[in-house]
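Numbering-wise, my numbering comes out as the position in the sequence shown, counting from 1, plus 2. Heads up, the beta-carbon is just placed ideally off N, CA and C, and yes, glycines get one too. For clarity, every value in this text was computed on a predicted model and none was experimentally measured. Notes for the one structure printed next.
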Amino acid sequence: MTRGAWVLGLVVVACGGAAAPHAPSGSLGDADGAGAGAETSAPGLCSDEDSAAVGHSDHVSSPDGAAVHVGQCSAKPAPGATKSAKPAPGVAKSSSEAENAKPPEKDPLHTAIVQAGHAVLRERAKEVPIEQIRTPEFQALLERMKESMRAAPGVGIAAPQIGVPLRVFLVEDREEYLARMAEVEVTERERTPVPLRVFINPKVTPIGKEKVTFFEGCLSVNGWSALVTRAREVSVEALDERGEKVSWRVRGWPARILQHEMDHLEGTLYIDRMHTRSFATHAAVKERFAGKPAREVLHAHGL
């Protein structure tokens, strides 16, 4: 445990729990890397179990023959919620009433995020049959994941976090995100730009014995972060968006993103790996440790 840093907030989205509006901050998952995790939602996709799926819907079959629904989601009314009364026939609303009655406009990429406690985050995701990778339905899923990740904005997204139990995640760490960070933060994280990459049915393997410790956060554990120790260097083998084999060996921040996203495919959250004494709100972490070197952050937690 030789290094420490900030929050990993791998930003993702789906059907299942309300999310706080985004405030630029610094987690591994959010783009800024300034100290607190991104707290955003984006459009999601529903699993077959979600009865709220409406409109156009497609399915991708898993190897066991089960169809995974990838239709768009709509919100369900809260239990016990009552409908507002309609005006009596022939009674016109005033202009002010009509204006107030209009639903607020929403960014189509912002709905709700699957939060800890949802079953999809705790099950092992299903492999994607290679013959389905090039289908319009699966390509639409990849596009939705990309849009959701960028809308957050985030540096990684796994399908289960948008309610789809398939073994696929995306990674992208853009130059503009790094430009908003202090040089010391970029250096300690070993953070480098990563172009958009798709990993289908991935296998992530740690390389060597060196471990590093950073704050991580996740929108599926909205508003919180904790120190997590992971391998400094890993390799990944997977299929890309064309169904072709790809491999990548990487260290530092990109390696951490890969491990965090791979955990999602196994039904694991960062809170399962965290140093429990460090568990705190993003705001508390930012207030206490913003701008401090990694060794000081670790020392404060007895690491």
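Counted within 10 angstroms of its Cβ, other Cβ atoms place residue i as buried (16 or more) or exposed
i	result
Thr-278	exposed
Lys-211	exposed
Pro-256	buried
Gln-74	With a pLDDT of 42 at Gln-74, under the threshold of 50, the predicted position of this residue should be treated as unreliable, though the coordinate-derived value follows. With 16 or more Cβ atoms within 10 Å of its Cβ, Gln-74 is classed as buried.
Gly-304	exposed
Ile-132	exposed
Pro-197	exposed
Glu-246	exposed
Trp-218	Sequence check: residue 218 is Glu here, not Trp. Answer is buried; the Cβ neighbour count reaches 16.
Glu-145	exposed
Lys-205	exposed
Three-state secondary structure assigned by DSSP to residue i
i	result
Ile-159	strand
Glu-289	helix
Pro-208	strand
Glu-129	coil
Glu-235	strand
Ala-302	helix
Leu-198	strand
Phe-281	coil
Met-309	This structure does not reach residue 309, given that the chain is present from 3 up to 305, and the question cannot be answered.
Leu-144	helix
Thr-215	strand
Val-166	coil
Val-173	strand
Ala-118	coil
Arg-297	helix
Leu-229	strand
Leu-241	strand
Ser-76	Residue placement at Ser-76 is flagged as unreliable, the pLDDT there being 35, under the threshold of 50; a coordinate-derived value is accordingly withheld.
Arg-136	coil
Expected contact under 8 Å - CB spacing of residue i and residue j to nearest Å
i	j	result
Ile-202	Leu-260	That belief does not hold up - the Cβ atoms of Ile-202 and Leu-260 are roughly 14 Å apart, past 8 Å.
Arg-191	Gly-293	14 Å between Cβ atoms; not a contact.
Pro-167	Val-122	5 Å
Val-214	Arg-199	With 8 Å as the limit, Val-214 and Arg-199 do not qualify as a contact, their Cβ atoms being about 21 Å apart.
Arg-258	Arg-232	6 Å
Phe-216	Val-230	7 Å
Span separating the alpha-carbon of residue i from that of residue j
i	j	result
His-120	Ala-302	33 Å
Leu-221	Gln-117	7 Å
Val-299	Phe-140	42 Å
Asp-2	Met-147	Here the chain comprises residues numbered 3 to 305, so residue 2 is not present and cannot be evaluated.
Val-223	Ile-273	8 Å
Arg-244	Pro-138	12 Å
Phe-281	Glu-263	20 Å
Thr-270	Arg-126	9 Å
Phe-171	Gly-158	7 Å
His-266	Gln-163	8 Å
Arg-297	Thr-189	13 Å
Val-130	Arg-169	6 Å
Met-276	Val-238	23 Å
Arg-136	Val-173	19 Å
Arg-124	Glu-187	32 Å
Ser-150	Ala-142	12 Å
Trp-226	Gln-134	36 Å
Ala-80	Ile-209	With a pLDDT of only 38 at Ala-80, under the threshold of 50, the placement of this residue in the model should not be trusted, and no figure is reported.
Thr-207	Phe-291	31 Å
Ala-160	Glu-268	11 Å
Ile-115	Pro-295	32 Å
Glu-178	Lys-128	34 Å
Thr-283	Ala-228	9 Å
Practice item. Give a yes or no on contact between the stretch 177-194 and the stretch 270-288, applying the rule of three or more CB pairs nearer than 8 Å. Key: no
Exercise for review: Please confirm if the stretch 234-252 is in contact with the stretch 146-157, defined as three or more CB-CB distances below 8 Å between the two stretches.
Suggested key: no
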